[in-house]
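Residue numbering for the sequence shown is 38 to 246, as defined by our numbering. Just below is one structure, and these are the notes that go with it.
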Amino acid sequence: MTPEELFVKKDHLVLTAIEKQFGSYENAIKVAESNNMEFDDLIQEGRIKLWELCLKYDSSRAISFNTYVIKTLRWYISEVIHVKGTPFKLSRYTSVEERNLINIHSIDLKREDEETNDFFAVAPINVEEDVIKSIEFEETLSVLNEKEKFVLIRKSYGYTDKEIGLKLCVDHSTVSRIKNKAFDKINPNRKKSRLMISRNKNHLRQQVI
């Protein structure tokens, strides 16, 4: 399949991504208008990004391509609104340099029950790389049941086995077993490695005896 054919086939994903990102087309229109953009601008930006993704299409990832496209477009369109949207109207003849000089957004930050004007900036991110990592993470956890996912995700946030056990109403040793079983599912070689270590230890004990 050529990039052109793939683009035509996947064009509907642009609207799907916009709807998923904003909840509805109506919300997307409101967000675009509040940033002095038009809904058509979001569609056009989405299609430009979709074309780039079609050019980089990897047939070995065909199964997850739709998910990859939608996630990439959702993040990309949000970034477009932040970078290209403005809180006030600009002349279409405004140069990029002039636009960049005034493209600073302000928000109200609450600090100890007081509101104060402050500024924020979004650090540049590699959207496609983050999406790939997100999909790979989901694919990795797909072999686990809900309880195993819960334990591993909580462990990644620094929770102890005891704290997780309180959430699940089990003791910490049960949490440890769930955790080890989950790791073995994700990495079967880990289980084999532990068995080999255990056998070697038993062999050494027999030699000592």
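Backbone N, C-alpha and C fix where the C-beta goes; we use that ideal spot for every residue, glycine too. None of these values were measured; they are calculated from a predicted model.
Practice task
Taking Thr-39 as the reference, give the member of Lys-67, Cys-91, Lys-184 with the closest Cα.
Solution key: For the purposes of this step, residue 39 is taken as the residue at position 2 of the sequence shown. In terms of Cα proximity to Thr-39, the closest of Lys-67, Cys-91, Lys-184 is Cys-91.
Problem - Residue nearest to Glu-63 in terms of C-alpha spacing, selected from Phe-76, Glu-82, Lys-192 - result: By 1-based counting over the sequence shown, the position of residue 63 is 26. Comparing Cα-Cα distances from Glu-63 to each of Phe-76, Glu-82, Lys-192, the minimum goes to Phe-76.
Problem - Where Cys-206 falls: helix, strand or coil (DSSP) - result: Position 169 of the sequence shown, counted from the start, is the residue given in the question as residue 206. Three-state DSSP puts Cys-206 in coil, outside helix and strand.
Practice task
Could you pull the start and end residues of the alpha helix (DSSP H) that Ala-65 belongs to?
Solution key: As a first step, residue 65 must be located in the sequence shown, where it is residue number 28. Note, Ala-65: alpha helix (DSSP H), 62-71.
Exercise for the section: Just mark Val-188 as buried or exposed, buried being the case when its beta carbon has 16 or more other beta carbons within 10 Å. Expected result: The sequence position of residue 188 within the sequence shown is 151, counting from 1. Buried, since its Cβ has 16 or more Cβ neighbours within 10 Å.
Problem - C-beta contact flag for Ile-107 and Ala-54 at 8 angstroms - result: In the sequence shown, counting from the first residue as 1, residue 107 sits at position 70. In the sequence shown, counting from the first residue as 1, residue 54 sits at position 17. Yes, the Cβ-Cβ distance between Ile-107 and Ala-54 is below 8 angstroms.
Practice task
Verify whether the separation of the beta carbon atoms of Lys-86 and Thr-109 is less than 8 angstroms.
Solution key: As a working note, residue 86 is residue 49 in the sequence shown. As a working note, residue 109 is residue 72 in the sequence shown. It is a contact, given that the beta carbons lie within the stated cut-off.
Handout entry: Limits of the unbroken alpha helix (DSSP H) element including Tyr-194
Key = Residue mapping note: residue 194 aligns to position 157 of the sequence shown, counting from 1. Run containing Tyr-194: none; DSSP gives neither H nor E here.
Practice task
Compute the Euclidean distance between the alpha carbons of Lys-204 and Asn-217, then round it to the nearest angstrom.
Solution key: Taking the first residue of the sequence shown as position 1, residue 204 is located at position 167. Taking the first residue of the sequence shown as position 1, residue 217 is located at position 180. When rounded, the distance between both Cα atoms is 18 angstroms.
Exercise for the section: Pull up the distance between the alpha-carbon of Ser-101 and that of Val-120, whole angstroms please. Expected result: Here residue 101 is taken as the residue at index 64 of the sequence shown, counted from 1. Here residue 120 is taken as the residue at index 83 of the sequence shown, counted from 1. C-alpha separation (whole angstroms): 28 angstroms.
Practice task
May I ask you to report which of helix, strand or coil DSSP gives Tyr-249?
Solution key: In the structure as shown, the chain begins at 38 and stops at 246. Residue 249 is therefore absent and cannot be evaluated.
Exercise for the section: Would you check whether the ligand PLP has a heavy atom nearer than 7 angstroms to the C-beta of Leu-110? Expected result: Inclusion of the ligand PLP in the displayed structure is not the case, the ligand content being empty and no account of it being possible.
Handout entry: Buried/exposed call for Lys-46, threshold 16 Cβ in 10 Å
Key = Counted from its first residue, the sequence shown places residue 46 at position 9. That one is exposed.
Practice task
Determine the closest residue to Tyr-94 out of Phe-59, Glu-42, Leu-52, with distance taken between C-alpha atoms.
Solution key: Against the sequence shown, residue 94 aligns to sequence position 57. Comparing Cα positions, the closest option is Glu-42.
Practice task
List the whole-angstrom C-beta distance separating His-209 from Lys-199, where the pair is believed to meet the contact cut-off of C-beta under 8 angstroms.
Solution key: Locating residue 209 in the sequence shown gives position 172, counting from the first residue. Locating residue 199 in the sequence shown gives position 162, counting from the first residue. Here His-209 really is in contact with Lys-199; their C-beta atoms are around 5 angstroms apart, less than 8 angstroms.
Practice task
Classify Ala-99 as buried or exposed, calling it buried when 16 or more other Cβ atoms lie within 10 Å of its own Cβ.
Solution key: By 1-based counting over the sequence shown, the position of residue 99 is 62. Counting Cβ neighbours within 10 Å, Ala-99 comes out exposed, since fewer than 16 surround it.
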